[in-house]
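Q: Residue numbers (the numbering used here), protein chains in the order written: chain A, -8 to 349; chain B, 225 to 353; chain C, 334 to 456; chain D, 30 to 177.
C-beta atoms are modelled at their ideal positions from N, C-alpha and C, and glycine is treated no differently.
#1: Are the C-beta of residue 102/D and some C-beta of chain B separated by less than 8 angstroms?
#2: Against residue 132/D, what residues of chain B qualify as contacts under a CB-to-CB distance less than 9 angstroms, listed in chain order?
#3: What does residue 15/A touch in chain B if you count any residue whose Cβ is under 9 angstroms from its own?
#4: Less than 8 angstroms between CB atoms is the rule here; does residue 406/C satisfy it with respect to chain D?
#5: Any Cβ of chain A within less than 8 angstroms of the Cβ of residue 73/D?
#6: Anything in chain A within Cβ reach of residue 314/B, meaning under 9 angstroms, just list it in chain order.
#7: For residue 335/A, collect the residues of the same chain with a Cβ closer than 7 angstroms to its Cβ; drop the 5 residues on either side in sequence, then sort them by chain order.
#8: Please list the partners that residue 123/D has in chain C, where partner means a Cβ-to-Cβ separation under 8 angstroms.
#9: Check whether the Cβ of residue 41/D lies closer than 8 angstroms to any Cβ atom in chain B.
#10: Excluding the five sequence neighbours on either side, which residues of its own chain have a C-beta within less than 7 angstroms of the C-beta of residue 146/D, listed in chain order?
#11: Could you check if residue 346/A is buried or exposed, using at least 16 other CB atoms within 10 Å of its CB as the buried criterion?
#12: Using the beta-carbon of each residue, which ones in chain C are nearer than 8 angstroms to residue 160/D?
#13: Quick one: grab the DSSP three-state call for residue 251/B.
#14: So, for residue 369/C: in the same chain, excluding its five sequence neighbours on each side, which residues have a beta-carbon less than 7 angstroms away from its beta-carbon?
#15: Is residue 294/B helix, strand or coil when you go by DSSP?
#16: List the DSSP bridge partners of residue 264/B.
#17: Can you give me, in chain order, the residues of the segment 82 to 103 of chain D that have a beta carbon less than 8 angstroms from any beta carbon in chain B?
#18: Quick one: list the residues of chain D neighbouring residue 343/A, beta-carbon separation under 9 angstroms, in chain order.
#19: Quick one: give me the first and last residue of the alpha helix (DSSP H) that residue 86/A is part of.
#20: Could you give the first and the last residue of the continuous alpha helix (DSSP H) run that contains residue 318/A?
#21: At which residue ranges does the segment 87 to 169 of chain D contain complete alpha helix (DSSP H) runs of 4 or more residues, listed in the order of the chain?
#22: Please identify, using Cβ separations under 7 angstroms, the residues of the segment 100 to 130 of chain A that lie next to chain C, in order along the chain.
#23: Give a yes or no on whether the minimum CB-CB distance between residue 461/C and chain D is below 8 angstroms.
#24: Have a look at 31/D, 41/D, 46/D and flag the residue whose alpha-carbon is nearest the alpha-carbon of residue 109/D.
#25: Please identify the residue among 50/A, 45/A, 194/A whose C-alpha is closest to the C-alpha of residue 35/A.
#26: Ordered along the chain, which non-local residues of its own chain (more than five positions away) have a Cβ less than 8 angstroms from that of residue 343/A?
#27: Our contact map puts residue 203/A next to residue 320/A with C-beta atoms below 8 angstroms; I'd like the distance itself, whole angstroms only.
#28: Taking 8 angstroms as the cut-off, decide whether the C-beta atoms of residue 149/D and residue 125/D are in contact.
#29: Nearest chain D C-beta to residue 468/C closer than 8 angstroms, yes or no?
#30: Does DSSP put residue 359/C in a helix, in a strand, or in coil?
#31: Looking at chain A, which residues of the segment 283 to 300 of chain B have a Cβ within less than 9 angstroms of any of its Cβ atoms?
#32: How far does the alpha helix (DSSP H) with residue 174/A in it reach, from first residue to last?
#33: For residue 49/A, go through chain C and note every residue whose CB falls closer than 7 angstroms to its CB, in chain order.
#34: Pair every Cβ in the segment 285 to 305 of chain A with every Cβ in the segment 38 to 48 of chain A, then say whether three or more of these pairs are closer than 8 angstroms.
#35: Looking at residue 308/A and residue 143/A, is the spacing between their C-beta atoms short of 8 angstroms?
#36: Hey, residue 87/D and residue 104/D: beta-carbon distance below 8 angstroms or not?
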């Protein structure tokens, strides 16, 4: 029995992002895992001192490219609450549409990467092929494939025409049929089950006490989804969170796969109820006071704490991103796992390092 | 701000956190705000079924704060972050990166502080709880 | 077995998913946000774009009638074109091509800006 | 003679190494998207490798900060020559919107020499393919210098 210390990352073929893990191994079994950060840290919370509160929308959007729209939405909702701005109903529905499109493309991306983490390359390609359709919708409606820049304080910048909504619906239909075809592969395949069932188990109590968020928490059987806060237009849209009870990597995969279908359903509802009217209101004055704002991102709940002092520069912007809350889960799940399961377990929390370090 | 805010001191921080944990609250995060040359403010955010609770702790810049990571394990990461970016030292951390989470070893200043001071060893400790 | 056969048949009949990029270029979407272009003859050098740009990559010199822009720092958010008072700034649909050397775009107005007049020089 | 064949082979099938050097994931997933069926750069013989020792082209996305500059330097040094570096996205070029943030050193060219700059936030897959092709031309030029 020999103890080995293996450095995992920062540049690793499985990980798209630089995270460093010091794994202490006893034979093949991990006894200790210590993550190291700082490879992506930019210190952008400090930028509030030189960018005004309108420009900060575009900065927070670039915290993370995958959930960019939801970052900006959370920030805008915070400032709107602080300044007492009522956003027009059409803007709130449009925000739901774009945010759910973002959730879909993020989950499809994750499903692909997850399949890649245990070497199922063709499944990775399939999911990313479907994902391109969502990116095309994004580009056609907002102008950019990934960083959509639709949020402004007081509403949204772009509007959807009737043709565009019809286009979205028909694209979603084809996405749905293609996903249905992959359902048996991702959920019933022998390879997938062998690599994921019973790996990295977290009980509901553990998950709750560690303060986990998002699909990682919901896969352990805790019904917690920030969309239950009924921000944006979620008070008019029927919504029940997706919950699984097993708490292993397979359950997390199932939660995310089912959430893609849920997002399709939410977009359909939002388009069906889309009211007419203004898409943004004029903003006058400057924010003052302090506020917290929460939004459900693909990876979980993001938490913004904003403090302003009546000038055009905010005093403090604090972002608690979902992966930041999920990292402690890694320290609990990794000890006891085999070395070959490390990529699967690390990816099962859907790590977004650029979010974590900002 | 949504949720109730409670002002606390250094001596009853750990007691308050333990009580909140028994009440079933989850840890959300800690926000650190620089008030002036001397004072810093630490805001502890907790959540139970989407009901927020905030503890507001005013602390002198050169004081050591007790870490709540023995109570809430998840707090170690954010406490290390504050240690790096604001220079407030915590004692009793379960995993202590010793100011190397984001910073290189030779950095002695706190990058997020407007009134940046070179790090000295803390002069005052908190009173025994 | 049956699923596999149907998948093979479907893939044989369907067009490939790949866009043959350099051979056939797909036209950009109407809303696509590409590079920024300034029609310098219309520009009034008001400087609103420089103030509003979140990346602060535009500088405007009113006196010298200079408008310069750093394309390598631009994040293509389109705010500058949205706030432009004279309509001289436009966002093109196509993306900016890769380059071998970073360079600043400096545009010089032909005459002194029409709206702004320098204080008369008194002898 | 043998050198020439080798050059042609390397030129026809360049192996690329992708390093995310603190990007927001935007450019990062666009690089990955180039490898997936819709853009599929593998039809040009481009292979994504995880090992710097095998790589001909280094694709770098994102801002350089004080910690990952050493990693980037290391990866660049491990690559066999001649090598081509392609910087992708506004962050990789200058630091983009973050260039005034405290932990950002700036663009990739502050640390290693860059041959091709691909602008965009995020850069489109088409632009990345163009960038790689442009990098190959540079690769050829470098090779000639190396042989002569």
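A: So, from the listed chains and residues:
#1: no
#2: 326, 327, 335
#3: By Cβ distance, chain B contributes nothing, its closest Cβ being about 14 angstroms from residue 15/A, past 9 angstroms.
#4: yes
#5: no
#6: Residues of chain A passing the Cβ test: none, with the nearest at roughly 16 angstroms.
#7: 108, 109, 186, 187, 190, 240
#8: 403, 405, 406, 435
#9: no
#10: 116, 122
#11: buried
#12: 431
#13: strand
#14: 402, 407, 413, 414, 422, 424
#15: coil
#16: 258/B, 283/B
#17: 95, 96
#18: 54
#19: 80 to 108
#20: 313 to 324
#21: 97 to 107, 118 to 122
#22: 120, 130
#23: With chain C covering only 334 through 456, there is no way to say anything about residue 461/C.
#24: 46/D
#25: 50/A
#26: 8, 55, 57, 58, 290, 312, 313, 314
#27: 5 angstroms
#28: no
#29: In the structure as shown, chain C starts at 334 and stops at 456, and residue 468/C therefore has no counterpart that could be examined.
#30: coil
#31: 296, 297, 298, 299, 300
#32: 153 to 179
#33: 387, 408, 410
#34: yes
#35: no
#36: yes
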